[in-house]
Amino acid sequence: MTPRMRRLVTITLIVALSLVIGRSLVGFLADRWWAAAISPEAGATMRRWQWLGILLDVGAITVASTWFAMHAVMVARSIATVQVQHQVGGVAVRELVPTRLLLLAAVGAGVLLGILTGVGASAWRDAVALAWHGVRYGVTDPVLGVDLGVYVAQLPAWELAHEFAVMLAGLGVAFVLTLYASIGALRVTGRRLDIHAYARRHIGITLAVTGTVLAWGYLLAPYHLAIDQARWLSAAALGTRIVAAHAVVGVALAVSLLTLRWAFVGRHTLLFAGWGVLVVSVAVERVIIPAFVAGEIGIPGQSGDTREMADRLYGIARTTHRGGNADGDRPSVHDRWDRDALIRQLRGAGVFPLLATPAGGRPGVWQVVSHPADTASGIEISRFAADSVAPDGAGVLVTPATVVAGVVFRPAALGWTIGTTGVRAGGGARRGALAWARQAPGMLALADTAAVDWHLDPVERITTLVPTVRWLLTGFTTHGGEPVWVLSGFATVSGVPRATRSQFAGETVDGVVPALVASIGARTGFVEAWLDPAADSLGRALGSLHRPLVRMDRPPPGEILDALGYPLEWFVAQLTALQAATGGQLLPDDGGPLAANAFVSADGPAVQALLEDPAPGGSVTVLTGMRVSGQPRVAVERIDRALPTALGGVSAAWRASAGYTQVYDSLRASGDTLIAGPLRWAVEKGGLTVWRTFGSLGRRGPARLLWTGVASAGGIEGGRPGAVRWAGEGTSAVPLSSTPQFVELGRLEAARSWLMRADSALDRGDLTAFGRAWEALRGILGDSTRE
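Following our numbering, the numbering of the sequence shown begins with 655 at its first residue and continues without gaps.
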């Protein structure tokens, strides 16, 4: 390499390193300035979190660099006693290898390898901080007899430490072998392995450390077996796997001792025999024993301990009613409108809905927060009567829409803004750092006194400050005279033995519980956070990690709690555990499971789901989730369904009616589409009433509700939304009339569907599916109304 080329390479490396370090530095400073501009508490929280990341990065880099540099120094010390052979004019000449250049190169390579290995340890902050704080549930794991908090808090940190140790040990062995091979202290002559005595001792000690690290990994293996296999294997089979893992621990430690013996004695058979035994032991533990115990499947079921575990991990606090005993306390809910229908209507009116939630204050009201198309900065608050429909099918406003001006912080807000709050632009160097950190060249042109702010989306803003929980935007209210967004932070759990798994925020989890509550000023971006009243040990631990921003000494204000509600995403995640505990299944609806829905009761926002006992003639379980005095509660109530036919038959009866057909044909002729809303229900006098609204898609003007079908023990009917009423709906309610023709239409459509399934199964030779379809068809026809 020519001197000019060396200079170019050196300059290129310096520039690249400066860019990497500079981008990290300006990002570090920009986040600190931004958090300090929000509040002193936010600035202190950000600084603590940043310093924890720096401490972990520096610690990991120091440990890794020391480990590799130590190996390099030990190799360099051996170089003085090692000779290499060169051929000069056909004559073998032996000479000592120069040590100074090799020493500097080896130490530099060790430090560089340590930096590459240790950087990024700041990502361990969540696990390390949580393990330091500790979590305790008071529920014992039935497999290993430890508290669930060990799996939630300690085990992730142990795994990170072990993975780091495995990486150091593996790279250390490769590093040492490479160095010794490069200087000739380790070579293969014919079929013989020649190792210098000093090199052998060094390699032997490094391999012994590696064996000890492998033994450490098998000490953690029972925890992984409990997590991955406890739901499938019987207790005896699982115990066999755990004993095998413990046996491998002993083998790995014995192999480490044999390796040390080889290092000082030099008998290669000790090394190869020992590690051969370890390889065989691992193969037996990983392949042979699992094959022998694979048939010992555990008996599925929900024991009392498992149910308590599911309740703790999903934050389920249940109350039980039977047979409609709570009718006197249950509000009459007959919502026509749902979230999607309201959003479609508002979009047709030229506004962009940002948030639609059941509103508190009075039953049956939905609050929709929108961004009008003709407003640069501002939002519009609309409250709709969920149980009322205008004569033309439009929503009925409870009060005139309220416009809130000057709203900068809102969902889906992108980029950055200039205002009275935020980070002062300052001089050229500060503006350059901000522009580089945010990748926003426009910040370079700001005045020195300008204030710039970013993270304008409420979820993104709070996630940047408190990243250890999953945040959901749950409401909009007024706090301290200012409009604020209300967010609920949930702690997710994974890796717990025999836990019920579900989906939350696109992630597979073993549990999810409310942990924190936050509010963000819609005009100012000011952030406040509190501990959720329902927070458990995990939530309290996460809250303490983000003090002083999270106020641990006081509860959230009442208006913030009222806007929290019971998020539908959380309730859906709980449904898996609730199905296992109640033995029910979600009712089928239009070919899929019946979805949970949200509504507004007299006590505030709530969510509901229906579970059906799969046994013939089984009852229906109504699950209602809501907050009572800030505490989440799930009411579990078993009732008699008492519908004229199955839900599939009810839906078919509605669609087959003359009124529905007229609305459908009329809308289709106008170029629009009639779509079905979610099935909704209410429990009245111990029985179930179900209804579904059908509305236009909004291709020709704003979306409208045009038809409603209702069914209960009294019959099935349908008509215009304002004309259909049923018992219990206000003072002018008319009892639902019995309409046998609707029932027969529903049975006819259901029978036609099962007949087509039976015919299809017969064509493909699936006799099992044909038998099921035939039995269903016989049940429908046998239950038909006799003339």
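In this text, a Cβ means the ideal position worked out from N, Cα and C, and glycines have one as well.
Here the structure is a predicted model, which is why all the values come from computation and not from measurement.
Check: Per DSSP, TRP1335 is paired with what?; Outcome: VAL1344
Check: Taking VAL806 as the reference, give the member of LEU1192, ASP882, ALA1415 and GLY1352 with the closest Cα.; Outcome: LEU1192
Check: Where does the unbroken beta strand (DSSP E) through GLU1136 begin, and where does it stop?; Outcome: 1136 to 1147
Check: Do you know how far the Cα of THR1103 is from the Cα of TRP688?; Outcome: 15 Å
Check: Could you pull the DSSP bridge partners for HIS1133 from this structure?; Outcome: GLU1136
Check: Is VAL789 near LEU967, with beta carbons less than 8 Å apart?; Outcome: no
Check: What residues are listed by DSSP as bridge partners for HIS1025?; Outcome: PHE1006
Check: Taking contact to mean at least 3 C-beta pairs separated by less than 8 Å, is the stretch 859 to 868 in contact with the stretch 897 to 913?; Outcome: yes
Check: DSSP three-state call for ALA927: helix, strand or coil?; Outcome: helix
Check: Which residue comes first and which comes last in the alpha helix (DSSP H) that contains ARG1322?; Outcome: 1312 to 1323
Check: Could you spell out the range, first to last residue, of the alpha helix (DSSP H) harbouring VAL1444?; Outcome: The chain is shown from 655 up to 1441; residue 1444 falls before or after that span and cannot be answered.
Check: Using 10 angstroms around the beta-carbon of ARG1152, count the other beta-carbons present and answer buried if the total reaches 16, otherwise exposed.; Outcome: buried
Check: Jot down the residue ranges of each uninterrupted alpha helix (DSSP H) in the stretch 1196 to 1236, minimum 4 residues, whole runs only, in chain order.; Outcome: 1212 to 1218 and 1222 to 1236
Check: Please give me, in chain order, every unbroken run of the alpha helix (DSSP H) with length at least 4 that falls completely inside the stretch 756 to 828.; Outcome: 779 to 787
Check: Give the secondary structure of SER1283 by DSSP, where H, G and I count as helix, E and B as strand, and everything else as coil.; Outcome: coil
Check: Identify, in the order they occur along the chain, each residue of the same chain with its Cβ nearer than 7 Å to the Cβ of ARG1085, setting aside the five sequence neighbours on each side.; Outcome: ALA1079, MET1097, LEU1098 and LEU1100
Check: If you follow the beta strand (DSSP E) that ILE1035 is part of, which residue opens it and which one closes it?; Outcome: 1032 to 1043
Check: With DSSP collapsed to three states, give me the class of PHE1424.; Outcome: helix
Check: Exposed or buried, which one is ARG731 when buried takes at least 16 other CB atoms within 10 Å?; Outcome: exposed
Check: Any chance the stretch 775 to 784 sits against the stretch 932 to 949, with 3 or more Cβ pairs inside 8 Å?; Outcome: no
Check: Span of the beta strand (DSSP E) holding TRP1184?; Outcome: 1181 to 1185
Check: Among HIS816, GLY1129, GLY803 and LEU798, which has the Cα closest to the Cα of ALA889?; Outcome: LEU798
Check: Thinking C-alpha only, which one of THR1075, THR1074 and HIS1109 is nearest ALA1091?; Outcome: HIS1109
Check: Please classify PHE918: is it buried, with 16 or more other beta-carbons within 10 angstroms of its beta-carbon, or exposed?; Outcome: exposed
Check: Label PRO1242 either buried or exposed according to how many other C-beta atoms from any shown protein chain fall within 10 Å of its C-beta, with 16 as the threshold for buried.; Outcome: exposed
Check: For GLY1373, which beta-bridge partners are listed by DSSP?; Outcome: THR1362
Check: Count the CB pairs spanning the stretch 884 to 902 and the stretch 830 to 840 that are closer than 8 Å, and state whether there are at least three.; Outcome: no
Check: Starting from the C-beta of ALA1189, find all residues in its chain whose C-beta is less than 6 Å away, skip the five residues before and the five after it, and write them out in chain order.; Outcome: ALA1169
Check: Determine the contact status of LEU1222 and VAL1261, defining contact as a CB-CB distance below 8 Å.; Outcome: yes
Check: Using three-state DSSP, classify ASP1190 as helix, strand or coil.; Outcome: coil
Check: Here's a check: name, in chain order, each residue in its chain whose Cβ is nearer than 8 Å to the Cβ of ARG1068, leaving out the five neighbours to either side.; Outcome: Per the sequence shown, residue 1068 should be read as Leu rather than Arg. Hits under 8 Å: LEU1110 and ASP1111.
Check: Could you check what DSSP says for ARG854 in three-state terms: helix, strand or coil?; Outcome: helix
Check: Taking DSSP's pairing of strands, which residues face ALA1260 in a bridge?; Outcome: PHE1253 and MET1280
Check: Do GLY1284 and PRO1211 have their beta-carbon atoms positioned less than 8 Å apart in this structure?; Outcome: no
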